[in-house]
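Residue numbers (my numbering): 136 to 1146.
For every residue, glycine included, the Cβ atom is placed at its ideal position computed from N, Cα and C.
Written below as structure tokens is the structure these notes are about.
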């Protein structure tokens, strides 16, 4: 009974558990349904006006322009549809209006993780761009196109589009009826394109069409290499002037006029053109631009007919015919592209039928393009033709290629003088095969009035000889083509051999030159009696490597050689490089004429010594390393006329630097120069780029015996510089400046150094111990205030120079007492005092005390700007004793006793230096108790234009110091000539004084008549 009663109580629990389980099954089902509803409702949400307004706002904010969308509709099946889209760029420089855009996403690509589109149709797009209103961009660099990303667009169709472009000059062009169908696929798959448009703004509308299909190699990506396909370009009545705005927008600096019609079809196989047919007709063509350096290439007609087919290494020319006003070119037959294919063609005998000819009117071409070709300035070409033929002959079943060309009757007028090439320039070539089947150069002959070249041999070893008369070269061609400003003379000859094998070209031989002479327009010249060069080099075109087996040159001044090395070349080549250049027994004395001619070395400065050097150049990962640890100069001497010779028995140098052309970075990690008295113990320089900023840091530590420094300086400056003391010299410089403005380097320069000496003597000035601190802050150089002793007196100085300006001028910062109680000496007269007063020019036994105060002082630090020097100040000399012939000459002209043993005083006088002349109005010199006054100008070139007022009057009275006016009108004398040859102008004196006396007498007579 108990069990029967329990069972009915437990039976209701089973249904309750089942019901709970069923409830939980509805939860995931409900979530799934909810997610499905969200996915289905996403297009509805994205098609809402609210989302459309948000999208428009984002486009406007991101571009800085104003966007508008009429309607936006999105559906999983119908894709995306945009109606009445418009955009207006900032300042209205770009405007876009599109009637409708329809596109569908590629769900397969979305699942693969590379979202893309299936098909996009753009209907009635209207684009207007006005470059006059285009806002400036932060960078001129174009970001380019990512073809992998563009390929995700797949098929893009444009119906009835137009593009209107106005360039910066206001020229407008419109491409109308723009229809295109572009089907882009990833590399490795075929892409198709078909674009047509009408240039609507031309007087005669022209049509443009481009179509084709290409398949880039998958491993090469979107590049010409490995690409296969065909392209057709068709142009009908295109006005070249009308497309100028598009060329300007693309950065092509070419301006063209005329009309062109063309149809060009080409087939590309694995990146190489296999077939090409072209027909081009042009009328009234006129082309100019930066690429032509301002020249204008013109022809009233252009006709091109071409049909080319490539088969292996042979190019078959079915037709090639080019005709312009000034040139014709025609060719048919087969052209070899390699040595092997040429051998194959020549062995084919009569089957080889290459023919061609050309005729160029050089007078017309050179007259139209003088700058591009390099015609001598001022030359007018009046005649000349270049003609040539190409053909084959057959002998015993083997073909011979024969080519001939010549330039004849070249003539012109320069400086109203007729000039002409004395003889034609001729060239002839004969190529054939020998009985063993190898190609052979039977002969190559080139003759000209100034040169001759001959060559022959099989193509694996061609022997050549040549010679050139440099004087004849310049006299014959120099009238027509700009060969430089230098006159050249001498004979050169060369012989050797050239080898061609498996894509490699080798050349070895020698070159000799005798009695080479170069003369500059100002008459400076250099002569080299004999120059010998020997070489053995090769070029591997496949590996893009230049191999130098040997290269050496020997001249009168020494020899230079390059050790065996391989030099990779070509764009993007980053292979390692290692080269060594050795200079042996270089005689600096014999090298001096070259330094005078090319490096502005002072011609009157003697140079001698024997130099040896070994320079190494390496490259790794695009970074070059240049260094030397074996450079020395023995017995270096510098000599200047009438000065002590500067001599150093042995100078050694070590240098190590890294150059990165890509990063435009320089890092000089070591510069060490060691000599007996002057040494650079450490020098470093580093230039790096960080973004658009360049950073430059330099440091120099040197040790110097100042006596040697003064000796070296004396060679380069007027007079003798005497220095005493030992100094350690350090220099620190740093600058950070914009990369695109190298001139800003000085504007941002910071640095400091200290200069000093125990004693110095220069042109009669004897300095005591001196230290000068120099600081540069943001391009402003400060010579900090300093005081030193000079000739038992004091010298005070401070100045600054703005290094950002040209010329660089050192200017005083405030009025200062530059010289205080400085004892003057005889040596100071010729260098300084003669420009204060001409009586010092020939003075001897001079003594006195000088004081000099400046209100402003400007000293040019840039060569060639001496006239920029300026001075405003006050100068005076006390206790002046001297024997001056000029002063005695002035006094003696009026029967006055010469100056002997008198103490004179030059009263403080305002003086000014402007335009290379010292000027003052009145400098009074008290000779005892008699005044003599000077006024006028003294040029720094020594020219005098002055007036001297004597202490005497015509009445025979003598003026006294402090009572000058009471004596009456004093005698004045014109002083002209030069400091070295002053002239007392007595004729001018008499004329002036007579006029003064007449006018004075008339004045007195009139006064009496009035009474």
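Nearest to residue 761 by alpha-carbon distance, out of 749, 912, 1052, is 749. The DSSP-derived three-state label of residue 419 is strand.
Taking the CA atoms as reference points, residue 862 sits about 7 Å from residue 840. The C-beta separation of residue 797 from residue 782 comes to about 45 Å, leaving the pair out of contact by the 8 Å criterion.
Annotated three-state conformation of residue 185 is helix, per DSSP. Residue 801 has 794, 822 as its beta-bridge partners, per DSSP. Ranked by Cα distance from residue 695, the options 667, 706, 681 are led by 667.
Residue 827 holds the alpha-carbon nearest to the alpha-carbon of residue 876 among 827, 867, 908. Residue state for residue 1055 is assigned as strand, using DSSP reduced to three classes.
Taking the Cα positions, residue 788 is about 16 Å away from residue 720.
Taken through DSSP and simplified to helix, strand or coil, residue 585 comes out as coil. Shown here, residue 268 sits in a helix according to DSSP, grouped into three states. The DSSP assignment places 962–966 as complete runs of the alpha helix (DSSP H) inside the region 942–968, in order along the chain (cut-off: 4 residues).
In the DSSP assignment, residue 502 falls within the alpha helix (DSSP H) that extends over 497–503.
Taking 8 Å as the cut-off, the beta carbon of residue 326 is found no closer than this to the beta carbon of residue 293.
The alpha helix (DSSP H) runs lying completely inside the region 828–899 and spanning 4 residues or more are 841–851, 879–882, given in chain order. For residue 1117, the enclosing beta strand (DSSP E) covers residues 1117–1119. Counted as a single uninterrupted DSSP element, the beta strand (DSSP E) harbouring residue 713 occupies residues 712–722.
From the listed residues 897, 831, 930, 855, the smallest Cα separation to residue 882 is found for 831.
Beta-bridge annotation (DSSP): residue 704 is not paired with any residue. Counting every other CB atom within 10 Å of its CB across the protein chains shown gives residue 822 a total of 16 or more, marking it as buried. Taking C-beta atoms as the reference points, residue 341 and residue 366 fail to come closer than 8 Å. Counting the other CB atoms within 10 Å of its CB gives residue 461 a total of 16 or more, which places it among the buried residues. In this structure, the beta-carbon distance from residue 857 to residue 895 falls below 8 Å.
Nearest Cα to residue 776 within the set 917, 585, 1112, 738: 738. Taking one beta carbon from each stretch, the region 940–960 and the region 1084–1098 have fewer than 3 pairs nearer than 8 Å; the two do not touch. Look at the beta carbons and you see the region 1017–1027 touching the region 973–990: at least three pairs across the two are nearer than 8 Å.
For residue 911, the number of other beta carbons within 10 angstroms of its own is at least 16, and it is reported as buried. Proximity to residue 1061 across 1072, 697, 1011 peaks at 1011, based on C-alpha coordinates. By the 16-neighbour rule on beta-carbons within 10 angstroms, residue 851 is exposed.
Apart from the 5 residues on each side of it in sequence, residue 317 sits with its Cβ closer than 6 Å to the Cβ of 291, 328 in its chain, given in chain order.
Cβ-Cβ distances below 7 Å link residue 916 to 909, 935, 936, 938 in the same chain, with the five nearest sequence neighbours on each side left out; the list follows chain order. Its Cα nearest to that of residue 542, the residue 584 stands out among 1097, 958, 584, 267.
Ranked by how close their Cα comes to the Cα of residue 906, the residues 922, 602, 913, 209 have 922 in first place. Bounds of the beta strand (DSSP E) holding residue 664 are 660–675.
For residue 414, the three-state secondary structure derived from DSSP is strand.
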